[in-house]
Amino acid sequence: MTKKERREARRQERRAEQEKRASRHTARRAAIWTGTAVALVAVVFGGVRLAVRAPSESGIAAVGMVIGAQDQKKGSPEAAVTLVEYSDFQCPACRASAPLVTRLAKEFGDSLQFVYRHFPLRQHDNAERAAQVSEAAGMQGKFWELHDMLFDGQDDWAESRNAEELFLQYAESLGLNKEQF
Numbered sequence: 096m097t098k099k100e101r102r103e104a105r106r107q108e109r110r111a112e113q114e115k116r117a118s119r120h121t122a123r124r125a126a127i128w129t130g131t132a133v134a135l136v137a138v139v140f141g142g143v144r145l146a147v148r149a150p151s152e153s154g155i156a157a158v159g160m161v162i163g164a165q166d167q168k169k170g171s172p173e174a175a176v177t178l179v180e181y182s183d184f185q186c187p188a189c190r191a192s193a194p195l196v197t198r199l200a201k202e203f204g205d206s207l208q209f210v211y212r213h214f215p216l217r218q219h220d221n222a223e224r225a226a227q228v229s230e231a232a233g234m235q236g237k238f239w240e241l242h243d244m245l246f247d248g249q250d251d252w253a254e255s256r257n258a259e260e261l262f263l264q265y266a267e268s269l270g271l272n273k274e275q276f
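Sequential numbering from 96 applies to the sequence shown in this note's numbering.
Below, the structure written as structure tokens:
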């Protein structure tokens with residue numbers, strides 16, 4: 096065998112070894128993803144089984160969530176299901192879910208009570224003030240109207256240094272008493 100042929104043979108061996116390693120790597124990745132998917136399915140399945148467990152003897156499901164007078168609620172307090180959302184008015188994902196929640200409330204009517212709870216994130220500069228403003232509107236019976244306006248106008252006020260001015264405009268458009276705002 097000539098030097099050139101030996102070099103070519105070694106290159107082919109190295110290439111074959113690299114392909115073998117790549118194949119093992121791909122198989123390992125597939126195994127990891129499969130394991131992750133199986134674990135996720137198991138967690139979801141277990142969660143669903145726990146959620147659908149039979150109610151206690153009193154007929155009330157054993158859940159420790161207390162819905163208080165201070166909570167912003169929509170729907171019947173006697174509803175079979177209560178959906179509690181922890182949300183941030185400046186969060187884009189929360190804004191994206193708002194229409195779904197509205198649709199659920201309309202679709203299920205009195206069989207669903209929806210509760211909104213504030214969870215302003217630190218990285219959102221105007222989120223805490225938006226939560227305060229919405230509570231002020233709630234004291235005047237307009238929480239849900241301002242809720243919708245805040246999410247609809249999120250692009251306008253979220254990164255604004257003058258968010259307070261926009262909040263006051265929203266309050267005016269809803270006919271809120273600015274002294275109490």
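Note that CB positions come from ideal geometry on N, CA and C, so glycine has one too. Treat the numbers as computed from the prediction; the structure is a model and nothing was measured.
CA-to-CA distance, residue j to residue i, given in whole angstroms
i: F238; j: F214; result: 16 Å
i: Y265; j: V210; result: 22 Å
i: N257; j: T121; result: 52 Å
i: E152; j: A175; result: Reliability fails at E152, whose pLDDT of 49 lies under 50, so the model's placement of it is uncertain and no value is given.
i: V136; j: A125; result: 16 Å
i: Q167; j: G233; result: 8 Å
i: R102; j: P187; result: 58 Å
i: G141; j: T131; result: 15 Å
i: E202; j: L195; result: 10 Å
i: A117; j: R109; result: 12 Å
i: R198; j: G163; result: 24 Å
i: L245; j: T129; result: 41 Å
C-beta contact flag for residue i and residue j at 8 Å
i: S255; j: L261; result: yes
i: V179; j: M160; result: yes
i: R190; j: Q113; result: no
i: H242; j: S229; result: yes
i: D272; j: Q227; result: Contrary to the premise, residue 272 reads as Asn rather than Asp in this sequence. Against a cut-off of 8 Å, the Cβ pair of Q227 and N272 comes out as no contact.
i: E259; j: R224; result: yes
Buried or exposed by the 16-neighbour rule on C-beta atoms within 10 Å, applied to residue i
i: W252; result: buried
i: S268; result: exposed
i: V170; result: Val is not the amino acid found at residue 170; the sequence shown has Gly there. With 16 or more Cβ atoms within 10 Å of its Cβ, G170 is classed as buried.
i: A96; result: The sequence shown places Met at residue 96, not Ala. Its Cβ having fewer than 16 others within 10 Å, M96 is exposed.
i: D247; result: exposed
i: S182; result: buried
i: A111; result: exposed
Anticipated Cβ contact below 8 Å, residue i with residue j, distance rounded
i: F184; j: A222; result: 6 Å
Please specify which runs of the beta strand (DSSP E), each continuous and at least 3 residues long, are wholly inside the region 192-264, giving them in chain order.
-> 207-213
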